[in-house]
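From first to last, the protein sequence lines stand for chains A and B. End of the first sequence = 291 in this note's numbering, gap-free, step of one. End of the second sequence = 442 in this note's numbering, gap-free, step of one.
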Amino acid sequence: MGKGRPFLEVFTCALSEDYWFPILELLVLLCALWTFFTAGIAGVSGSYSDFITVEAFTHNLVYSYTWPLIILVGIPILKNIAYGLGSDVEKGIIHTLFSYPLTRGHILTARLLSALVIPLLLFLGISILGFFLFFPDVIVANPGTVALTYAAQLSPVLLTAGLLLLLALRLRRGVPALLTGLTLCFVLFVIFNSIANSIAQGTGSDWSLKIYAVITPNLALQEYCLGTLGLSSGIWVPSFSEVLLYILAGYLLVAVVFIIAYVYFKRWLSI
Amino acid sequence: MSLIQVDDLAKSYGKVVAVDGLSLRVEEGSIMGLIGPNGAGKTTTIKMILGLLRPDRGSVRVFGEEPWDNSDIKRKIGIIHERAYFPSHHRVLDYLQRVCRIFGKPESRAREVLALTKLEDAYDRTIKTLSAGMSQRFAMAHACVSEPALIIADEPTSNLDPEARSDLLDLILKLRHDEHVTFLLSSDIVPELDRVCDSVAIINQGKVWASGGLTELSERLGALPTRISTDNPEGLGELMRELEYVSRVEADSEGVSVGVLAGDDERLYEDVPRLAKEAKAKILAIETGRASLEELFRVAVKYGQGGGRRWEKADLS
Numbered sequence: 021m022g023k024g025r026p027f028l029e030v031f032t033c034a035l036s037e038d039y040w041f042p043i044l045e046l047l048v049l050l051c052a053l054w055t056f057f058t059a060g061i062a063g064v065s066g067s068y069s070d071f072i073t074v075e076a077f078t079h080n081l082v083y084s085y086t087w088p089l090i091i092l093v094g095i096p097i098l099k100n101i102a103y104g105l106g107s108d109v110e111k112g113i114i115h116t117l118f119s120y121p122l123t124r125g126h127i128l129t130a131r132l133l134s135a136l137v138i139p140l141l142l143f144l145g146i147s148i149l150g151f152f153l154f155f156p157d158v159i160v161a162n163p164g165t166v167a168l169t170y171a172a173q174l175s176p177v178l179l180t181a182g183l184l185l186l187l188a189l190r191l192r193r194g195v196p197a198l199l200t201g202l203t204l205c206f207v208l209f210v211i212f213n214s215i216a217n218s219i220a221q222g223t224g225s226d227w228s229l230k231i232y233a234v235i236t237p238n239l240a241l242q243e244y245c246l247g248t249l250g251l252s253s254g255i256w257v258p259s260f261s262e263v264l265l266y267i268l269a270g271y272l273l274v275a276v277v278f279i280i281a282y283v284y285f286k287r288w289l290s291i
Numbered sequence: 126m127s128l129i130q131v132d133d134l135a136k137s138y139g140k141v142v143a144v145d146g147l148s149l150r151v152e153e154g155s156i157m158g159l160i161g162p163n164g165a166g167k168t169t170t171i172k173m174i175l176g177l178l179r180p181d182r183g184s185v186r187v188f189g190e191e192p193w194d195n196s197d198i199k200r201k202i203g204i205i206h207e208r209a210y211f212p213s214h215h216r217v218l219d220y221l222q223r224v225c226r227i228f229g230k231p232e233s234r235a236r237e238v239l240a241l242t243k244l245e246d247a248y249d250r251t252i253k254t255l256s257a258g259m260s261q262r263f264a265m266a267h268a269c270v271s272e273p274a275l276i277i278a279d280e281p282t283s284n285l286d287p288e289a290r291s292d293l294l295d296l297i298l299k300l301r302h303d304e305h306v307t308f309l310l311s312s313d314i315v316p317e318l319d320r321v322c323d324s325v326a327i328i329n330q331g332k333v334w335a336s337g338g339l340t341e342l343s344e345r346l347g348a349l350p351t352r353i354s355t356d357n358p359e360g361l362g363e364l365m366r367e368l369e370y371v372s373r374v375e376a377d378s379e380g381v382s383v384g385v386l387a388g389d390d391e392r393l394y395e396d397v398p399r400l401a402k403e404a405k406a407k408i409l410a411i412e413t414g415r416a417s418l419e420e421l422f423r424v425a426v427k428y429g430q431g432g433g434r435r436w437e438k439a440d441l442s
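1. Between which two residues does the beta strand (DSSP E) harbouring B:Leu275 extend?
2. Kindly list, in the order they appear in chain B, the residues whose Cβ is closer than 8 Å to that of A:Gly194.
3. A:Ile112 CB to nearest chain B CB: under 8 Å?
4. Can you have a look at A:Val64 and say buried or exposed, based on whether 16 or more other CB atoms are within 10 angstroms of its CB?
5. Going by C-alpha to C-alpha distance, which of A:Leu53, A:Phe155 and A:Gly104 sits closest to A:Ala188?
6. Please report the Cβ distance between B:Leu149 and B:Val131, rounded to the nearest whole angstrom; I am assuming they are in contact, meaning their Cβ atoms lie under 8 Å.
7. Compute the distance between the beta-carbons of A:Asn162 and A:Val74, then report whether it is under 8 Å.
8. What does the alpha-carbon distance come out to for the pair B:Asp219 and A:Pro139?
9. With three or more C-beta pairs closer than 8 Å as the rule, is the stretch 118-128 of chain A touching the stretch 198-206 of chain B?
10. If you run the structure through DSSP and keep just helix, strand and coil, what is A:Val257?
11. Please classify A:Ala52 as buried or exposed, where buried requires at least 16 other C-beta atoms within 10 Å of its C-beta.
12. Roughly how far, in whole angstroms, is the beta-carbon of A:Ser175 from the beta-carbon of A:Gly270, given that I think they are within contact range, below 8 Å?
13. Can you tell me whether A:Phe56 is buried or exposed? The criterion is at least 16 other CB atoms within 10 Å of its CB, across all chains shown.
14. Grab me the residues of B:Lys172's own chain with a C-beta within less than 7 Å of its C-beta, minus the 5 sequence neighbours each way, in chain order.
15. Of the residues that make up the stretch 203-215 of chain B, which ones have a beta carbon closer than 9 Å to any beta carbon in chain A?
16. Run down chain A in chain order and give the residues with a C-beta less than 8 Å from the C-beta of B:Asp286.
17. Taking 8 Å as the cut-off, decide whether the C-beta atoms of B:Pro162 and B:Asp313 are in contact.
18. Give, in chain order, every residue of the stretch 225-237 of chain B whose Cβ lies closer than 8 Å to some Cβ of chain A.
19. Would you verify that the beta carbon of A:Glu29 is, or is not, closer than 8 Å to some beta carbon of chain B?
20. Between which residues of its own chain and B:Pro231 is the CB-CB distance below 7 Å, once the five residues before and five after are set aside?
21. Around the C-beta of A:Phe155, are 16 or more other C-beta atoms found within 10 angstroms, so that it is buried, or is it exposed?
22. From B:Lys405 to B:Ser127, what does the alpha carbon distance come to, in whole angstroms?
23. Given a cut-off of 8 Å on the beta-carbon distance, is the pair B:Gly321 and B:Leu300 in contact?
24. Taking B:Arg223 as the reference, give the member of A:Thr32, A:Glu110, A:Leu229 and A:Asp38 with the closest Cα.
25. Along the chain, where does the alpha helix (DSSP H) containing B:Glu412 start, and where does it finish?
26. Measure from the C-beta of B:Lys199 to each C-beta in chain A and report whether the shortest distance is under 8 Å.
27. Along chain A, in chain order, which residues have C-beta atoms closer than 7 Å to that of B:Asp194?
28. Considering only residues of the same chain and omitting the five flanking positions on each side of A:Phe151, which have a CB-CB separation below 8 Å?
29. Compare the beta carbon distance of B:Gly337 and B:Ser324 with 8 Å and say whether it is the shorter of the two.
30. Hey, how far is the Cα of B:Ile204 from the Cα of A:Ile90?
31. Across which residues does DSSP place B:Phe308 in a beta bridge pair?
32. Within 10 angstroms of its Cβ, does A:Trp256 collect 16 or more other Cβ (buried), or is it exposed?
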């Protein structure tokens, strides 16, 4: 007997534990409501003439529409990985999972598919469908910018997920992992963001923005698209190739964090 | 054939030594008990056998293979953890059917194991609503789903009331008898292991103080309980109390029970006719049993606390 069936069963088991009724349904509803809401606002407030370029308009539209959705799906990701996996280790459910004929890598993958990939698929599915429904011309006119904005938006989400995973495995307890995870998100996306911008505005130098853009490549894309209209008021205007480089660096960082988590889980996690 | 081979196993948590040079074998078809006081290293040993903990030193082989991250041997092992937790939102039968699918067994096996563990009536309940005792029985049912050749159980009878405990021990004996399942059981409730185990490893302070078959251990360490049926228990008992190698003498209306150190039972058999003659007592029967596991455990732990010195008979008195 292969590993496909056991893997599928562990995955669906994790799925039903992570999203007991009506969590997933509520999430879908909120995402759908936000899509309609945004479409309505964009119809009255957004217009191409406000922006210098088509890229800037497209990026701004995709970004404005997707970031609240990312926060929406980020909540279950935070809960599932930090609290869910931490609690699995704390309560001993991981012992039960380890008694099944699967490798540790398979178990972690099944767990992450449920905790991380399902919310992300939900996000991608609903948001792309929303775009095709309400802004088909934007997607057709500028698919590259749309794809890059999505890529740049998802990189920090994946990075946070990886760090939460490491936290959960290291702390091995649900509530402390959740609280530390919340603090981590606040530090990464509020404190660091403020510090990087303050330094840039105060010194007129772009190095702090460049460092922060590795964590959130969307900053580089935003500054590239908006130019002097960007948040840094033109202090940093990266080239297109730089933007690609930052997105790549962001994903490399994500890959490193996940590789560390997998290796730790497979080789060293003693429970 | 040894299903479990553990050699020179060691594990420390910081400065606390949990297991220190532990070796043991679990033979196919046997029920082996791992007994020891709280903190003796039983759970740590079991976790290393299951590949959940990395040993600092030594080797573990289960079915001849290294257990760490080994998915193949999991098909042959049923596991009951000291704290058994399962995904709590599932219904009992649904979850066991899922486990059947995981192990490639027909879903009807789920109802079989529920019947085996007397949980048929709880099939529709969610796992989180099970009582502690029912959860323990559910853990046993869960361990049996894959029809394992080996069941490793850490404190399997904890949380069970006496009747459920007895049922579980019966089930262990039945599984061994009917399905030739090998067991490694840990417990600090010694009398219950006495009922089911053919061999034990008595561990304390992370080491095996004594191991082997119960009879062999009894002969090596124990005070053999001897029962002498006589028509003059009081008189015979009085004289037997003077024998220096007898540890305990209890007379009742039908005879005398004495504790004799291993190796001295032959002296007793030589002395009894002489003493009976002296006490004008008629010997109706004389029978020597084996020491209880509890007594062996007490002796082994005492031996260990003596700092590893050779076991002396005087320690029993």
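Backbone N, C-alpha and C define an ideal beta-carbon position, used for all residues, glycine too.
Taking the coordinates as given:
1. Stepping through the second sequence from its first residue, residue 275 of chain B is reached at position 150. Residues Leu275 to Asp279.
2. Along the first sequence, one-based indexing puts residue 194 of chain A at 174. Ordered by position in chain B, no residue passes the 8 Å Cβ test against A:Gly194, which lies about 12 Å from the chain.
3. The sequence position of residue 112 of chain A within the first sequence is 92, counting from 1. Note that residue 112 of chain A is Gly in the sequence shown here, rather than Ile. For A:Gly112, the answer is yes, since a Cβ of chain B falls inside 8 Å of its Cβ.
4. Taking the first residue of the first sequence as 1, we reach residue 64 of chain A at position 44. Confidence is the limiting factor: at A:Val64 the pLDDT is only 47, short of 50, which leaves the residue's position unreliable and the question unanswerable from this model.
5. Sequence index remark: in the first sequence, residue 188 of chain A carries index 168 (1-based). For A:Ala188, the nearest C-alpha among the options comes from A:Gly104.
6. As a working mapping, residue 149 of chain B is identified with position 24 in the second sequence. As a working mapping, residue 131 of chain B is identified with position 6 in the second sequence. At roughly 5 Å, the Cβ-Cβ gap stays under 8 Å, so B:Leu149 and B:Val131 are in contact.
7. Taking the first residue of the first sequence as 1, we reach residue 162 of chain A at position 142. Taking the first residue of the first sequence as 1, we reach residue 74 of chain A at position 54. Their beta carbons are under 8 Å apart, which means A:Asn162 touches A:Val74 by this criterion.
8. For the purposes of this step, residue 219 of chain B is taken as residue 94 along the second sequence, with counting starting at 1. For the purposes of this step, residue 139 of chain A is taken as residue 119 along the first sequence, with counting starting at 1. Whole-angstrom Cα-Cα distance: 25 Å.
9. yes
10. Within the first sequence, the letter at position 237 stands for residue 257 of chain A. In the structure shown, A:Val257 sits in coil (DSSP, three-state: anything other than H, G, I, E or B).
11. Within the first sequence, numbered from 1, the residue matching residue 52 of chain A stands at position 32. With fewer than 16 Cβ atoms within 10 Å of its Cβ, A:Ala52 is classed as exposed.
12. Here the question's residue 175 of chain A lines up with position 155 in the first sequence. Here the question's residue 270 of chain A lines up with position 250 in the first sequence. Correct: roughly 4 Å between the Cβ atoms.
13. Residue 56 of chain A sits at position 36 when you count from the first residue of the first sequence. So A:Phe56 ends up on the exposed side.
14. Position 47 of the second sequence, counting from 1, holds the residue named residue 172 of chain B. Result list for B:Lys172: Leu178, in chain order.
15. Gly203, Ile204, His206, Glu207, Arg208, Ala209, Tyr210, Phe211, Pro212, Ser213, His214 and His215
16. In the second sequence, residue 286 of chain B corresponds to position 161, counting from 1. By Cβ distance, chain A contributes nothing, its closest Cβ being about 22 Å from B:Asp286, past 8 Å.
17. Along the second sequence, read from residue 1 onward, the residue named residue 162 of chain B stands at position 37. Along the second sequence, read from residue 1 onward, the residue named residue 313 of chain B stands at position 188. Taking 8 Å as the Cβ cut-off, B:Pro162 and B:Asp313 qualify as a contacting pair.
18. Arg226, Ile227, Phe228 and Gly229
19. Within the first sequence, numbered from 1, the residue matching residue 29 of chain A stands at position 9. Yes - at least one Cβ of chain B is within 8 Å of the one on A:Glu29.
20. By 1-based counting over the second sequence, the position of residue 231 of chain B is 106. Excluding residues within five positions, the ones whose Cβ falls inside 7 Å are Cys225.
21. Position 135 of the first sequence holds residue 155 of chain A. The residue in question, A:Phe155, is buried, as its Cβ has 16 or more Cβ neighbours within 10 Å.
22. Taking the first residue of the second sequence as position 1, residue 405 of chain B is located at position 280. Taking the first residue of the second sequence as position 1, residue 127 of chain B is located at position 2. Rounded to the nearest angstrom, the two C-alpha atoms are 54 Å apart.
23. Locating residue 321 of chain B in the second sequence gives position 196, where the first residue counts as 1. Locating residue 300 of chain B in the second sequence gives position 175, where the first residue counts as 1. First, the residue type needs correcting, since residue 321 of chain B is Val and not Gly in the sequence shown. No. Outside cutoff.
24. Within the second sequence, the letter at position 98 stands for residue 223 of chain B. When each option's Cα is compared against that of B:Arg223, the closest is A:Thr32.
25. Sequence index remark: in the second sequence, residue 412 of chain B carries index 287 (1-based). Premise fails: B:Glu412 lies in the beta strand (DSSP E), Ile408 to Thr413, not in any alpha helix (DSSP H).
26. If you number the second sequence from 1, residue 199 of chain B lands on position 74. Yes, its Cβ sits closer than 8 Å to a Cβ of chain A.
27. The residue given as residue 194 of chain B occupies position 69 in the second sequence. Simply Thr123, Arg124 and Lys286.
28. One-based indexing of the first sequence puts residue 151 of chain A at position 131. These residues qualify, in order along the chain: Val82, Tyr85, Val158, Ile159 and Val166.
29. The sequence position of residue 337 of chain B within the second sequence is 212, counting from 1. The sequence position of residue 324 of chain B within the second sequence is 199, counting from 1. Result yes, Cβ atoms of B:Gly337 and B:Ser324 sit closer than 8 Å.
30. In the second sequence, the residue the question calls residue 204 of chain B occupies position 79. In the first sequence, the residue the question calls residue 90 of chain A occupies position 70. Taking the straight line from one Cα to the other gives about 41 Å.
31. Here residue 308 of chain B refers to the residue found at position 183 of the second sequence. In the DSSP output, where bridge partners are listed per residue, B:Phe308 has B:Ile156 and B:Ile276.
32. Here residue 256 of chain A refers to the residue found at position 236 of the first sequence. It is buried - the Cβ of A:Trp256 has at least 16 other Cβ atoms within 10 Å.
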